[in-house]
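Asker:
Chains as they are written, first to last, in this note's numbering: chain G, 136 to 331; chain H, 136 to 331.
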């Protein structure tokens with residue numbers, strides 16, 4: 136049985152999983168790494184969480200809040216500029232190593248999700264959160280007359296999210312520099328094409 | 136020391152790793168799973184390959200050939216139609232479970248590559264191969280006067296590859312149906328926009 140952990144424990148677990156995932160990646164992650172990154176022993180982690188996957192789920196559920204905190208710092212004069220800065224932030228991670236590591240870790244979890252049912256719902260919620268974040272700006276840009284009325288905010292948001300996820304693999308994971316500059320150039324051209 | 140394995144052994148290892156990755160995913164993959172999927176014992180695998188990563192690298196090096204075999208079956212009357220069918224094939228895997236499983240497995244390896252130097256070069260070659268495959272069709276479509284002369288084949292190919300990788304996570308990994316139809320619609324619109 137999984138006991139309900141207090142909020143302070145949940146927050147500490149989320150931070151410890153994030154830190155351990157950034158260091159080891161999901162495939163090499165052991166519960167001992169999570170314990171080492173927290174003030175808790177492995178035994179006390181297992182008091183609240185039965186499996187490693189449940190510990191990782193705590194991190195995935197917390198991730199949207201961290202993304203929001205990072206996005207909140209963005210300064211932009213209109214929704215188009217804001218959307219571009221959000222994409223830059225998620226894609227090239229603005230030399231923010233913690234965000235960079237978190238985005239790669241989530242891509243690794245996403246690509247393993249078919250084999251791990253515990254992670255599926257938190258990951259879907261995370262993806263929906265990112266998509267919603269992008270759709271909100273696209274909708275605002277349409278309302279403000281910056282983007283064409285015929286643009287579909289949901290389809291465009293799903294498409295952009297997909298690009299950001301894909302680039303996480305080649306650009307952040309493999310550090311293929313050519314891909315980074317190509318994707319930057321073509322994504323900007325794509326966003327230019329949304330304008331009236 | 137890693138001994139040079141004969142071609143028949145390499146091919147068998149590549150097929151066994153593919154099959155084991157499709158069943159377990161990279162994070163849960165053990166060398167015993169690879170041995171179970173082949174005619175070899177774990178000990179005889181270790182005669183040629185020192186580590187699990189080296190076995191996986193054999194699969195990644197083989198993957199472009201499998202992609203090519205699949206792409207070769209595509210019937211199209213012009214490069215634009217051919218490009219769309221290649222994207223469909225890689226993105227939605229055409230109900231081909233082996234291709235589907237292989238694409239997810241490679242995304243999982245890609246997102247763990249920062250932690251596994253052995254896989255980096257084979258993965259970069261795989262990504263370059265896919266990008267080249269797409270760039271060839273885009274270049275042909277420009278030469279045939281179907282796409283605009285101003286289109287940059289390399290940037291467009293990197294962008295498309297990135298979309299295909301990203302969609303592998305949400306569409307194939309998490310099976311988010313909404314994302315599949317959104318990405319299909321918006322990618323077709325994007326490809327329409329390349330035309331003269």
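All C-beta atoms, glycine included, are put in the ideal place defined by N, C-alpha and C.
Could you check what DSSP says for residue 330/G in three-state terms: helix, strand or coil?
Answerer: For the purposes of this step, residue 330/G is taken as the residue at position 195 of the first chain. The answer is strand: DSSP assigns residue 330/G an E or B state.
Asker: Is the region 173-182 of chain G touching the region 231-250 of chain G in the sense that three or more CB pairs, one from each, lie closer than 8 Å?
Answerer: With the cut-off at 8 Å, the region 231-250 of chain G and the region 173-182 of chain G do not touch.
Asker: Since residue 300/G contacts residue 176/H with CB under 8 Å, what's their CB separation in whole angstroms?
Answerer: Here the question's residue 300/G lines up with position 165 in the first chain. Here the question's residue 176/H lines up with position 41 in the second chain. Going by Cβ atoms, the distance from residue 300/G to residue 176/H rounds to 39 Å, so no, they are not a contact pair.
Asker: Could you tell me the distance, in whole angstroms, from the CA atom of residue 216/G to the CA atom of residue 280/G?
Answerer: In the first chain, residue 216/G corresponds to position 81, counting from 1. In the first chain, residue 280/G corresponds to position 145, counting from 1. Taking the straight line joining both Cα atoms gives about 14 Å.
Asker: Kindly list, in the order they appear in chain H, the residues whose Cβ is closer than 7 Å to that of residue 243/G.
Answerer: Locating residue 243/G in the first chain gives position 108, where the first residue counts as 1. Simply 243, 246 and 247.
Asker: Could you compute how far the alpha carbon of residue 133/G sits from the alpha carbon of residue 294/H?
Answerer: This structure leaves residue 133/G out entirely; chain G is present only between 136 and 331.
Asker: Bridge partners of residue 282/H, per DSSP?
Answerer: Taking the first residue of the second chain as 1, we reach residue 282/H at position 147. Answer is 330/H.
Asker: So, is the C-beta of residue 237/G closer than 9 Å to a C-beta in chain H?
Answerer: Locating residue 237/G in the first chain gives position 102, where the first residue counts as 1. Residue 237/G does not count as touching chain H.
Asker: Do residue 243/G and residue 161/G have their CB atoms nearer than 9 Å?
Answerer: Taking the first chain and counting its residues from 1, the one referred to as residue 243/G is at position 108. Taking the first chain and counting its residues from 1, the one referred to as residue 161/G is at position 26. Closer than 9 Å, so yes.
Asker: Spell out whether any CB of chain G is found under 9 Å from the CB atom of residue 307/H.
Answerer: Taking the second chain and counting its residues from 1, the one referred to as residue 307/H is at position 172. Chain G contact via Cβ: present.
Asker: Grab me the residues of residue 159/H's own chain with a C-beta within less than 6 Å of its C-beta, minus the 5 sequence neighbours each way, in chain order.
Answerer: By 1-based counting over the second chain, the position of residue 159/H is 24. Within the same chain, residue 159/H has close Cβ partners 168.
Asker: Are the CB atoms of residue 221/G and residue 258/G nearer to each other than 9 Å?
Answerer: By 1-based counting over the first chain, the position of residue 221/G is 86. By 1-based counting over the first chain, the position of residue 258/G is 123. Going by C-beta atoms, residue 221/G is not nearer than 9 Å to residue 258/G.
Asker: Would you check if the region 319-326 of chain H and the region 260-276 of chain H touch, i.e. whether three or more CB-CB distances between them fall below 8 Å?
Answerer: In short, these stretches do not touch, since the Cβ pair count stays below three.
Asker: Answer with yes or no whether the minimum CB distance from residue 215/G to chain H is below 9 Å.
Answerer: The count along the first chain starts at 1 and reaches residue 215/G at position 80. No, its Cβ sits nowhere closer than 9 Å to a Cβ of chain H.
Asker: Report buried or exposed for residue 288/G, applying the criterion of at least 16 other Cβ atoms within 10 angstroms of its Cβ.
Answerer: Here the question's residue 288/G lines up with position 153 in the first chain. The residue is buried, with at least 16 neighbouring Cβ atoms inside 10 Å.
Asker: For a contact meaning CB atoms closer than 7 Å, what does residue 282/G contact in chain H?
Answerer: Position 147 of the first chain holds residue 282/G. Per Cβ cutoff of 7 Å: no residues; residue 282/G is ~14 Å from chain H at best.
Asker: Along the region 258-274 of chain G, what residues have a CB closer than 9 Å to any CB found in chain H?
Answerer: Answer set for the region 258-274 of chain G: 258, 259, 262, 263 and 266.
Asker: Which term fits residue 284/G, buried or exposed, when burial requires 16 or more other beta carbons within 10 angstroms of its beta carbon?
Answerer: By 1-based counting over the first chain, the position of residue 284/G is 149. Flag for residue 284/G reads exposed.
Asker: At the 9 Å Cβ level, is residue 293/G part of the contact set with chain H, yes or no?
Answerer: Looking up residue 293/G in the first chain gives position 158. Yes, its Cβ sits closer than 9 Å to a Cβ of chain H.
Asker: Answer with buried or exposed for residue 144/G, where buried requires no fewer than 16 other C-beta atoms within 10 angstroms of its C-beta.
Answerer: The residue labelled residue 144/G in the question sits at position 9 within the first chain. Label assigned to residue 144/G: buried.
Asker: In chain H, what lies closer than 8 Å to residue 255/G by C-beta?
Answerer: In the first chain, counting from the first residue as 1, residue 255/G sits at position 120. Near residue 255/G (Cβ distances below 8 Å), the residues of chain H are 309.
Asker: Take every Cβ of the region 184-200 of chain G, pair it with every Cβ of the region 146-157 of chain G, and state whether three or more of those distances are shorter than 8 Å.
Answerer: A contact exists between the region 184-200 of chain G and the region 146-157 of chain G.
Asker: Quick one: Cα of residue 274/G to Cα of residue 174/G, how far?
Answerer: Taking the first chain and counting its residues from 1, one reaches residue 274/G at position 139. Taking the first chain and counting its residues from 1, one reaches residue 174/G at position 39. Answer to the nearest angstrom: the Cα atoms are 44 Å apart.
Asker: Taking only the alpha-carbon atoms, compute the straight-line gap between residue 219/G and residue 297/G and give it to the nearest angstrom.
Answerer: Within the first chain, residue 219/G is the residue found at index 84, counting from 1. Within the first chain, residue 297/G is the residue found at index 162, counting from 1. If you take the alpha carbons of residue 219/G and residue 297/G, they lie about 15 Å apart.
Asker: By Cβ distance, which residues of its chain are closer than 6 Å to residue 236/H, with the 5 residues on each side in sequence left out?
Answerer: Within the second chain, residue 236/H is the residue found at index 101, counting from 1. Excluding positions up to five away in sequence, the list reads 157.
Asker: Just to check my reading of the structure: residue 214/H and residue 276/H have Cβ atoms closer than 8 Å, yes? What is that Cβ distance to the nearest angstrom?
Answerer: Your numbering for residue 214/H matches position 79 in the second chain. Your numbering for residue 276/H matches position 141 in the second chain. That belief holds up - the Cβ atoms of residue 214/H and residue 276/H are roughly 4 Å apart, short of 8 Å.
Asker: Against residue 159/G, what residues of chain H qualify as contacts under a CB-to-CB distance less than 9 Å, listed in chain order?
Answerer: In the first chain, counting from the first residue as 1, residue 159/G sits at position 24. Under the 9 Å cutoff, chain H gives 250.
Asker: What are the start and end residues of the alpha helix (DSSP H) that includes residue 150/H?
Answerer: Taking the first residue of the second chain as 1, we reach residue 150/H at position 15. Run containing residue 150/H: 142-159, per the alpha helix (DSSP H) assignment.
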